[in-house]
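Encoded as structure tokens, the structure appears first; notes follow it.
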Amino acid sequence: MERYYQPEIETASIEEIYRIQNERLINTVNRVYNAVPYYRDMMDRAGVRPEDIKSRDDLHKLPFTCKDDLRDTYPFGLFAVPMEKVIRLHASSGTTGKQIVVGYTRNDLENWSDICARQLVAVGGTEHDLVHVSYGYGLFTGGLGMHDGAQKLGAITIPVSSGNTQRQITIMRDFGSTILCCTPSYALYLAECIAEMGIDKSELSLKAGIFGAEAWTEEMRRNLEESLGLKAYDIYGLTEIMGPGVAYECRAQTEMHSNEDHFIPDVIDPDKGEVLPEGEQGELVFSCISKEAFPILRYRTRDIGILKREKCSCGRTFIKMSKPMGRTDDMLIIRGVNVFPSQIESVLLTKGYPGNYQIIVDRISNQDRLEIIVELSPETFSDKVRNLEQMAGDLREAVRSTLGVGAEIRLVAPKTIERSTGKAVRVIDKRKL
Amino acid sequence: MIQQLSVFLENKPGTLLEVTKMLAEKEIDLRALSLADTKDFGILRIIADNNETALKALQDAGFIVSITPVIAVAMKDAPGGLSSVVEVLSKNEINIEYLYAFISRKKGSAYVVFRVENNELAETVLSEAGFSLVDEKNIME
Chain X
25 MERYYQPEIE TASIEEIYRI QNERLINTVN RVYNAVPYYR DMMDRAGVRP EDIKSRDDLH
85 KLPFTCKDDL RDTYPFGLFA VPMEKVIRLH ASSGTTGKQI VVGYTRNDLE NWSDICARQL
145 VAVGGTEHDL VHVSYGYGLF TGGLGMHDGA QKLGAITIPV SSGNTQRQIT IMRDFGSTIL
205 CCTPSYALYL AECIAEMGID KSELSLKAGI FGAEAWTEEM RRNLEESLGL KAYDIYGLTE
265 IMGPGVAYEC RAQTEMHSNE DHFIPDVIDP DKGEVLPEGE QGELVFSCIS KEAFPILRYR
325 TRDIGILKRE KCSCGRTFIK MSKPMGRTDD MLIIRGVNVF PSQIESVLLT KGYPGNYQII
385 VDRISNQDRL EIIVELSPET FSDKVRNLEQ MAGDLREAVR STLGVGAEIR LVAPKTIERS
445 TGKAVRVIDK RKL
Chain S
11 MIQQLSVFLE NKPGTLLEVT KMLAEKEIDL RALSLADTKD FGILRIIADN NETALKALQD
71 AGFIVSITPV IAVAMKDAPG GLSSVVEVLS KNEINIEYLY AFISRKKGSA YVVFRVENNE
131 LAETVLSEAG FSLVDEKNIM E
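Going down the list, the protein sequences come from chains X and S.
The opening position of the first sequence corresponds to residue 25 in my numbering, with each subsequent residue numbered one higher.
The opening position of the second sequence corresponds to residue 11 in my numbering, with each subsequent residue numbered one higher.
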């Protein structure tokens, strides 16, 4: 039988979900309007008054919040409670520009740990499980988010954090870790090191992996399930909204359930900003409706996805969100063709190549050049030049027919591409330099 | 048949040195080698006196290495020596993937190493034509 962490809400009727959303949305809009001058100015400029928002149907009237708004108000300008109510800060790594800071009240942390516990239970987790948290601990939300969720559930939490991979694997084997939480690229690296250490996956007790903080493909799912001997699940989240757990996958492995009692998701046309009907692909936008310290509204995530309300075999009623297929700012335009790194990953894994790859884009004599660096493995290596050239040729052809754009394939020795313990660097776009 | 080590090398400065240094440290004696190269990568093919040690050392260092069975034939170190061997293979329609040749320490004799699709067939036709196939021990002499 399917188990839920909070069955009354996870399987609530649509009417009940809407009722909760309407009530919480109205409350949040009023609160931010009165407590945060920046939001009040934004709404005033857009000509929206709090009383204009009577239900979730009026959500589209509110202006969007973007990453730039968070930077403009750095560090605490969007906080909606007095600082003494804030009990935790997290920050998102500012790879480009200033980092952004978010805060949580005691209630916020309770809600966050609830949704992470929902995720753990949705993959079969119980208080008997040993939850191996290999996300980085610190300002990054991944580590402490899953940590709090595991503790809330009453599972045995192993706060191993990222890095020190050999020691991690020894712990995983000796303690008998059953649920692994980390980025998919780190999971891939762990699998590689496990094989190198001569440990068979049967010596491990892993049953589920909860992999998030990066977009990953179905092919990568099969690869991770096979190499680690577990079931791999996606978890969606972002610091600006909460951290991990904004949406979570169940054992049906058919897309993620978005936690609608805390966030209202929307999909918009990224160019025009219009809300798209359910089932259409566009940019995901989230509004926080239960958060106290950092209740961001209509936040543009830049993640590309699809929302669909459909019955799930697990019994959960929350709207389903597809695996993000990439980010609007990850999308590469190569000789006028839109290319997502995830499409390239799909082709590589389907063709049997390892999941460690790198995409290099350059502009040479005014012409875009796409190069895909692929690691050879002992299985794919041949002593004949002809075979290796044919492999590269086949891959080039597969990329061309899938993406509609030509690419150079460079075969390199194993371990050439740097391994990541957190988010992997998959794309190097030299055109921007 | 003899065993050849095949090593994948990226086409960048210093890669070959890594391999040769490692083999030197392990006191591996090289009898023959050839390097096939393309724009992006190369394949180094080695006949060594101690394949196991060489294989392990290279694998541990992260190289992709495989052991490939190849055939080695003794021939006369005189004009027409190589041609007489190739002629036998050609007559039997055996396609050569690659080959490399080197002089034996025995005066007047040389060796040629072949990679073909069907080693057994090539060995049979060469033996029947009167050529002597060289084994691992002989080739180091």
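Just so you know, even glycine gets a beta-carbon here, dropped at the ideal spot from N, CA and C.
Being a predicted model, the structure only gives us computed values, none of them experimental.
For residue i, which residues from the same chain have a beta carbon less than 7 Å from its beta carbon, with the 5 sequence-adjacent residues on both sides left out?
i, result
"Glu20(S)", "Phe51"
"Gly247(X)", "Here residue 247(X) turns out to be Asn, not Gly, going by the sequence shown. Taken in chain order, the residues that qualify are Leu373, Gly379."
"Asn362(X)", "Met355"
"Val60(X)", "Leu102, Ala104"
"Leu150(S)", "Before going on, a small fix: residue 150(S) reads as Met here, not Leu. Same-chain partners within the cutoff: Arg41, Asp59."
"Ile223(X)", "Ile193, Arg197"
"Lys22(S)", "none"
"Gly178(X)", "Glu151"
Is the separation between the beta-carbon of residue i and that of residue j shorter than 8 Å?
i, j, result
"Val385(X)", "Leu394(X)", "yes"
"Ala317(X)", "Gly127(X)", "yes"
"Arg41(S)", "Ile53(S)", "no"
"Gly303(X)", "Ile330(X)", "yes"
"Ile82(S)", "Ile12(S)", "First, the residue type needs correcting, since residue 82(S) is Ala and not Ile in the sequence shown. Taking 8 Å as the Cβ cut-off, Ala82(S) and Ile12(S) qualify as a contacting pair."
"Met170(X)", "Ile193(X)", "no"
"Asp327(X)", "Gly306(X)", "no"
"Thr207(X)", "Lys454(X)", "no"
"Val72(X)", "Lys91(X)", "no"
"Ile182(X)", "Val147(X)", "no"
"Ser185(X)", "Ser158(X)", "yes"
"Ser370(X)", "Glu243(X)", "yes"
"Arg322(X)", "Thr52(X)", "no"
"Met253(X)", "Leu228(X)", "The sequence given here has Gly at residue 253(X), not Met. Contact: yes."
"Glu250(X)", "Ser209(X)", "no"
"Glu47(X)", "Cys338(X)", "no"
Can you tell me which of the options puts its alpha carbon nearest to the alpha carbon of residue i?
i, options, result
"Leu5(X)", "Ile330(X), Pro31(X), Asp76(X)", "Examination of residue 5(X) is not possible in this model, given that chain X is present from 25 through 457 alone."
"Ile452(X)", "Ile218(X), Tyr381(X), Asn58(X), Thr181(X)", "Tyr381(X)"
"Ser425(X)", "Ile368(X), Thr404(X), Gly376(X), Ile388(X)", "Ile368(X)"
"Cys140(X)", "Gly428(X), Lys335(X), Asp258(X), Pro319(X)", "Asp258(X)"
"Glu97(S)", "Gly140(S), Asn148(S), Ser76(S), Asn60(S)", "Gly140(S)"
"Ser76(S)", "Ala82(S), Ala67(S), Val83(S), Ala84(S)", "Ala67(S)"
"Gly267(X)", "Glu242(X), Asp224(X), Thr278(X), Glu134(X)", "Glu134(X)"
"Cys205(X)", "Gly166(X), Met221(X), Glu273(X), Asp224(X)", "Gly166(X)"
"Val105(X)", "Asp295(X), Asn58(X), Leu86(X)", "Asn58(X)"
"Ser93(S)", "Leu15(S), Ile74(S), Tyr121(S), Gln14(S)", "Tyr121(S)"
"Arg450(X)", "Ala422(X), Ile388(X), Gly350(X), Glu227(X)", "Gly350(X)"
"Asp539(X)", "Gly178(X), Pro402(X), Val429(X)", "Since the first residue shown for chain X is 25 and the last is 457, residue 539(X) is missing from the structure and cannot be characterised."
"Lys335(X)", "Lys122(X), Cys274(X), Ile433(X), Glu250(X)", "Cys274(X)"
"Ile301(X)", "Glu238(X), Lys332(X), Ser37(X), Lys315(X)", "Per the sequence shown, the amino acid found at residue 301(X) is Pro instead of Ile. With distances taken between Cα atoms, Pro301(X) lies closest to Lys332(X)."
"Ser314(X)", "Ser37(X), Val56(X), Glu26(X)", "Val56(X)"
"Leu33(S)", "Gly24(S), Thr63(S), Leu99(S)", "Thr63(S)"
"Tyr110(S)", "Met85(S), Thr134(S), Lys101(S)", "Met85(S)"
"Arg359(X)", "Ile388(X), Cys312(X), Glu413(X)", "Ile388(X)"
With a CB to CB cut of under 6 Å and the five nearest residues on each side skipped, what residues in its chain are close to residue i?
i, result
"Arg443(X)", "Tyr213"
"Pro99(X)", "Val125"
"Glu34(X)", "Tyr28, Arg340"
"Phe310(X)", "Ile265, Phe287, Pro289, Tyr323"
"Ile41(X)", "Glu284"
"Tyr108(S)", "Arg125"
"Gly118(S)", "Asp87"
"Ile180(X)", "Leu154"
"Ala115(X)", "Gln123, Val125, Leu163"
For residue i, which residues from the same chain have a beta carbon less than 8 Å from its beta carbon, with the 5 sequence-adjacent residues on both sides left out?
i, result
"Tyr62(X)", "Asp93, Asp96, Thr97, Gly101, Leu102"
"Ile441(X)", "Asn380, Tyr381, Gln382, Ile397, Glu399"
"Val29(S)", "Val17, Leu19, Leu54, Leu68, Phe73"
"Arg420(X)", "Gly430, Ala431, Glu432, Ile433"
In terms of DSSP beta bridges, what is residue i paired with?
i, result
"Val147(X)", "Per DSSP, none; premise fails for Val147(X)."
"Pro23(S)", "Pro23(S) pairs with nothing; no bridge assigned."
"Val125(X)", "Ala115(X)"
"Val371(X)", "Note: Val371(X) sits in no beta bridge, so no partner."
"Phe51(S)", "Glu20(S)"
"Phe8(S)", "Look at the range of chain S in this structure, 11 to 151, and you will see that residue 8(S) is not part of it."
"Tyr272(X)", "Ile259(X), His281(X)"
"Ser311(X)", "Ile288(X)"
"Gln382(X)", "Ile397(X)"
"His156(X)", "Ile182(X), Leu204(X)"
"Ile12(S)", "Val80(S)"
"Gln305(X)", "Ile330(X)"
Answer yes or no: the CB of residue i versus the heavy atoms of the ligand MG, is any distance below 7 Å?
i, result
"Gly149(X)", "Of the ligands one can find in the structure shown there are none, so the ligand MG has no counterpart to examine."
Original post:
In chain order, which continuous runs of the beta strand (DSSP E) of length 3 or greater are located wholly inside the stretch 76–143 of chain S?
Top reply: 106–113, 119–126
Subject >> Within the stretch 65–103 of chain X, ranges of the alpha helix (DSSP H) (whole runs, at least 4 residues) >> reply: 91–96
**OP:** Go through the stretch 392–450 of chain X residue by residue and report every complete run of the beta strand (DSSP E) that reaches 3 residues or more, in order.
**Re:** 432–436
Subject >> Runs of alpha helix (DSSP H) wholly within the stretch 178–219 of chain X (minimum 4 residues, chain order) >> reply: 189–195
Original post:
Where are the beta strand (DSSP E) runs, 3 residues long or more, that stay fully inside the stretch 321–366 of chain X, in chain order?
Top reply: 323–332, 356–358, 361–363
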